[in-house]
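If you're matching them up, the sequences are chains C and E in order. Letter by letter, the first sequence follows residues 1 to 137 in our numbering. Letter by letter, the second sequence follows residues 138 to 274 in our numbering. The structure appears below as structure tokens.
There are 2 protein chains.
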Amino acid sequence: MSGAYELRPIGRVESPLTDPADAPRQGDEGAPPSWLVFSPTVAAGLGDLRPGAEVLVLTWLDRARRDVLTVHPRGDRSRPEAGVFSTRSPHRPNPIGLHRVRVLAVDGLRLRVADLEAVDGTPVLDVKPVLGPPDER
Amino acid sequence: MSGAYELRPIGRVESPLTDPADAPRQGDEGAPPSWLVFSPTVAAGLGDLRPGAEVLVLTWLDRARRDVLTVHPRGDRSRPEAGVFSTRSPHRPNPIGLHRVRVLAVDGLRLRVADLEAVDGTPVLDVKPVLGPPDER
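Written out as structure tokens, the structure is:
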């Protein structure tokens, strides 16, 4: 498993959520609308994102721990610990966040999105379309 | 967008697919069964993965280009170029692969999976459960 790879953020989250302890565990559990603010260097890649699109946003959960391999599911200490790869815990060897969100508005290098549970300042790594019928991939 | 982050692979794909040109574009388009072979350092994180589970595998597409911002969708040059964040092209600033697969068998540090379109040797970054009802997260 030698070798490491370098992630370079393409943008950041701007959100009223500032404390990870206040963030909902999933975006459909009450996350407020937030902005994705992209670097001018990736502007050409954003050109076909439209309001109404359902997209997957990949983030780097930079406040997460990377030395965690077992967790109490949903932070509930009354439940037995589970292997982290069977959970959505942010704490994991490569803390990549995966968020399904809806695009509300597009404003140049900024996307307004619903249902994003990431906290303010979280680095954005990638945006991918949700897979639809084969022609839409 | 200053700062970069270091990904450390947790495993590798072992697959009969060796040429990216031969790999299907999506796993449900004819990918053969393959193995995920994990590092002993993450063994404790694998403990609750079971045959039949539907999981998301995140990979690092180490043969992809990172300087691509627009592509012909599905490689079809008769179609107009689209911003890469509206496509599933492997070529993108942070080439993270996202694959929904089914676990066929568990053998220590190895998982046999169906529907994985990644080529042999692809680094594995993370495994996450597909989100089910809230109690299952």
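C-beta: ideal position from N, C-alpha, C; glycine also.
Same chain, Cβ closer than 6 Å to residue i, neighbours up to 5 away in sequence not counted
i      : result
P32/C  : P16
H236/E : G164, V194 and L253
D126/C : L58
Close Cβ partners of residue i (< 8 Å) along its chain, the five nearest in sequence each way excluded
i      : result
P157/E : R200, P227 and V256
R12/C  : L36, V37, G121, T122, P123 and V124
D272/E : Unreliable positioning characterises D272/E in this predicted model, as indicated by a pLDDT of 38, which lies under 50. A coordinate reading is not provided.
G167/E : P161
A242/E : P188, L248 and R249
P80/C  : H72
A219/E : T207, V208, H209 and P210
Three-state class that DSSP yields for residue i in the structure shown
i      : result
A255/E : coil
D28/C  : helix
S15/C  : coil
R102/C : strand
R249/E : strand
V84/C  : helix
V71/C  : strand
L36/C  : strand
D272/E : The pLDDT assigned to D272/E is 38, lower than 50, so where the model puts this residue is not dependable, and the model offers no usable value.
V267/E : coil
D107/C : strand
G184/E : coil
P260/E : strand
C-beta atoms of residue i and residue j nearer than 9 Å
i      : j      : result
F175/E : R249/E : no
R234/E : T207/E : Sequence check: residue 234/E is Gly here, not Arg. Contact flag unset, no.
R229/E : G47/C  : no
P95/C  : L61/C  : yes
A43/C  : L144/E : no
K265/E : R65/C  : no
V84/C  : V103/C : no
Min CB distance residue i to chain E below 9 Å
i      : result
A4/C   : yes
S15/C  : no
W60/C  : yes
P20/C  : no
T122/C : no
D107/C : no
P33/C  : no
R8/C   : yes
P129/C : yes
V42/C  : yes
Residue-chain proximity (residue i, chain C), Cβ-Cβ < 9 Å
i      : result
P188/E : no
G184/E : yes
P270/E : Below a pLDDT of 50, predicted positions are generally treated as unreliable, and P270/E, at 46, falls in that range; no measurement from the model is reported.
V238/E : no
P230/E : yes
A219/E : yes
V256/E : no
S223/E : yes
V192/E : yes
L241/E : no
L253/E : no
Neighbourhood of residue i by C-beta, 7 Å cutoff - its chain only, sequence neighbours within 5 removed
i      : result
V267/E : E191, V192, L193 and R237
E151/E : S171, W172, V174 and D257
P40/C  : L109
R74/C  : R25
Neighbour flag for residue i against chain A, beta carbons, 9 Å
i      : result
P210/E : Of the chains in the structure shown, none is chain A; the protein chains are C and E.
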